[in-house]
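These notes are about the structure you will find just below.
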Amino acid sequence: MSTLSVIEKWVEVRSKVLDLGCGNGNILSELQKTKDVIGLGVEIEEKNIEECLLQNINVIEQNIDDGLINFSNDSFDVVILSQTIQVLKNPNTALGEITRIGKTCIVTIPNFGHWRSRLSLLFNGRMPVTSPLPESWHATPNIHLCTLKDFEMLCSELLITIEERVTVNSNNENKWYLNIWPNLFSASAIYKISK
Amino acid sequence: MDNKISSVGKVQTQSFESKETLILESGDQLESLEMIFETYGNLNPERTNAILVCHALSGNHHSAGYYEDPDERKGWWDSLIGPGKAIDTDKYFVVSPNNLGGCHGTTGPTSIDPKTQEIYGPDFPMVTVSDWVNCQALLADHLGIKVWHSVIGGSLGGMQALNWSITYPDRIRKAIVIAAAPKLSAQNIAFNEVARQAIITDSDYQDGYYLKAGKSPKRGLRLARMVGHITYLSDEAMRDKFGRELKEDKLNFGYGAEFEVESYLRYQGDVFSESFDANTYLLMTKLLDYFDPADKCDGSLVKAFEPIKAQVMVVSFTSDWRFSPERSKEISDALLEANKNVSYLEIESTHGHDSFLFSEDRYVRAIKAFLGSGQ
Chain P
4 MSTLSVIEKW
14 VEVRSKVLDL
24 GCGNGNILSE
34 LQKTKDVIGL
44 GVEIEEKNIE
54 ECLLQNINVI
64 EQNIDDGLIN
74 FSNDSFDVVI
84 LSQTIQVLKN
94 PNTALGEITR
104 IGKTCIVTIP
114 NFGHWRSRLS
124 LLFNGRMPVT
134 SPLPESWHAT
144 PNIHLCTLKD
154 FEMLCSELLI
164 TIEERVTVNS
174 NNENKWYLNI
184 WPNLFSASAI
194 YKISK
Chain G
7 MDNKISSVGK
17 VQTQSFESKE
27 TLILESGDQL
37 ESLEMIFETY
47 GNLNPERTNA
57 ILVCHALSGN
67 HHSAGYYEDP
77 DERKGWWDSL
87 IGPGKAIDTD
97 KYFVVSPNNL
107 GGCHGTTGPT
117 SIDPKTQEIY
127 GPDFPMVTVS
137 DWVNCQALLA
147 DHLGIKVWHS
157 VIGGSLGGMQ
167 ALNWSITYPD
177 RIRKAIVIAA
187 APKLSAQNIA
197 FNEVARQAII
207 TDSDYQDGYY
217 LKAGKSPKRG
227 LRLARMVGHI
237 TYLSDEAMRD
247 KFGRELKEDK
257 LNFGYGAEFE
267 VESYLRYQGD
277 VFSESFDANT
287 YLLMTKLLDY
297 FDPADKCDGS
307 LVKAFEPIKA
317 QVMVVSFTSD
327 WRFSPERSKE
337 ISDALLEANK
347 NVSYLEIEST
357 HGHDSFLFSE
367 DRYVRAIKAF
377 LGSGQ
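Keeping their order, the protein sequence lines are chains P and G. Those letters in the first sequence? Residues 4 to 198, by our numbering. Those letters in the second sequence? Residues 7 to 381, by our numbering.
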């Protein structure tokens, strides 16, 4: 099962979905097709915003780091924060905000505890550069990388409930062996959380 | 980009007359209406590709192309309207009217009042953005356009687009609201008031009956335009364009136009005062001051937006301080809160409020994408 199909499974038909850091709008576009959702994206990259407009996806140009006060409490059924939390200045504020805005939230994170990252640091003695995280330490937009454990601890500190978790390997597949040691074998995780 | 060379070419002004009594928002009535407009491109047989372009303060119906000579000054939005341009006349049928109270042919202060057979002058009734939109709806009826594909405008034009989506939710599919505000701030009104005072206190204004007296308050109009023009540009744009450049190499220690910026403003003021009617200018600044759709809904913009069905794209420019991005955000946020289909873009540009007139690449592509999607 891929990340997108997990998200699809967790989103109800015709629900109102906010995708923060929506990129080119591919998740919303898919959800509009398969789940007939009412979608809205938030994005800062010009190119991505244009792609959203081309796909007829409503998109707001807004920096998540500047706050989300313009979105009112429980105004969306689902808030998605996909592969975005690691580029934010204040991940904890963002988690508080998305659980305020969305009845449920879906967060996907790259797992820095993945064995490739661990081995790379252990043997090369340098910050890992892997295919899911390809930039070197000084050039990466990913300023707040974490492991699955780190993320789960932050959620518990913020009194956020993790309702479900699915992990995937670097090919974006959910395989049985990931469950042996998720924090070592998973490249990414998809969380369903709420407050 | 071929964008810049392609043009709708030679255009002609058309006119439409309505003999029905027009009841204005103020309660005043107009017995008949003549409206001047231009169209570019072709209306498709289904009549689904019509775009209404709304002009701003001091604008008119001539938004693209030229009348006689290809080298003459083109329509005010020629950068955006034309074959292959942001508002693509190969795809869309563009309608561009001169609004009620204007001075370029549409019924306004320079027209003859049928009751008195004299020029209206200052006796022309005060009109509002809603009145403008209602007249545009009459024009749409006349052209057989039931539903606009889109209504687009910058500044005061954006306010008309917004008003369209509120007043005629079933007659508009998309709205592009550019460099606008949900209402004027005290500072905005203050600048308008300076402009009005400049005109009214000109001794040639003659209480508004200057045409009858064979005069024209050109000094006032010129000053009004100069003040207005400063608010259309950004500090940065003025610095880039003029800096402290002198017309001659040395200071003359006098009050002539020594700095380039002085000479530019004087020129702009001169041109404008020769071509625009003072009463129309007064009327249009007042119409701007009055615009406030939330006022009828207990001050709630969210409530005012309730009827909207159109997909709205709100566009602002970073260097615009007349209607700053924050003002556009107010519109976009209220639309979000009202659960409407809204997109918001903040475009990097140095041209200040005037940015909406330029064909900045990102701006052009965004308009094209928004207009073209989800046919």
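Heads up, the beta-carbon is just placed ideally off N, CA and C, and yes, glycines get one too.
Under the DSSP definition of a beta bridge, E44(G) partners with S102(G). For S197(P), the pairing in a beta bridge is given by DSSP as T164(P).
Taking a Cβ-Cβ cut-off of 9 Å, the neighbours of N73(P) in chain G comprise K335, S338, D339, L342, E343, given in sequence order. By the neighbour-count criterion, in which a residue is buried when 16 or more other Cβ atoms sit within 10 angstroms of its Cβ, R129(P) is exposed. Against chain G, the beta carbon of Q89(P) has no neighbour under 9 Å; the closest one sits roughly 24 Å away. Interface residue (Cβ-Cβ distance to chain G less than 8 Å): L56(P) is classified as such. C-alpha of F115(P) to C-alpha of I60(P): approximately 32 Å in a straight line. Looking at the DSSP output, T107(P) sits in a beta bridge with V81(P). Sixteen is the threshold: since fewer than 16 other Cβ atoms of the shown chains lie within 10 Å of the Cβ of Y273(G), the residue is exposed. Chain P has no Cβ within less than 8 Å of the Cβ of A187(G). Here S209(G) is exposed: its Cβ has fewer than 16 other Cβ atoms, across all protein chains shown, within 10 Å. When secondary structure is reduced to three states using DSSP, K80(G) falls in the coil class, being assigned neither helix nor strand. For V308(G), the uninterrupted alpha helix (DSSP H) run begins and ends at 307 to 310, by DSSP. Taken through DSSP and simplified to helix, strand or coil, H148(G) comes out as helix. Just measuring C-alpha positions, the residue of L162(G), S279(G), E266(G) sitting nearest I205(G) is S279(G).
Non-local beta-carbon contacts of E352(G) in its own chain, meaning distances under 7 Å to residues more than five positions away in sequence, involve S322, T324, P331 in chain order. Nearest C-alpha to F248(G) among L271(G), L227(G), R231(G): L271(G). Listed in chain order, the non-local C-beta contacts of L7(P) below 7 Å within the same chain comprise I30, E33, local neighbours out to five positions each way being set aside.
Looking at the DSSP output, E23(G) shares a beta bridge with E40(G). Here P89(G) has S12, T95, D96 as same chain residues with Cβ atoms under 6 Å from its own Cβ, once five neighbours each way along the sequence are excluded. Just measuring C-alpha positions, the residue of L162(P), G26(P), I63(P), K50(P) sitting nearest K346(G) is I63(P). Contact between the stretch 64 to 84 of chain P and the stretch 101 to 118 of chain P is established, with three or more Cβ pairs separated by less than 8 Å. Bridge pairing for A92(G): absent [DSSP]. G163(G) has its alpha-carbon roughly 46 Å from the corresponding atom of H141(P). Interface residue (Cβ-Cβ distance to chain P less than 8 Å): S379(G) is classified as such.
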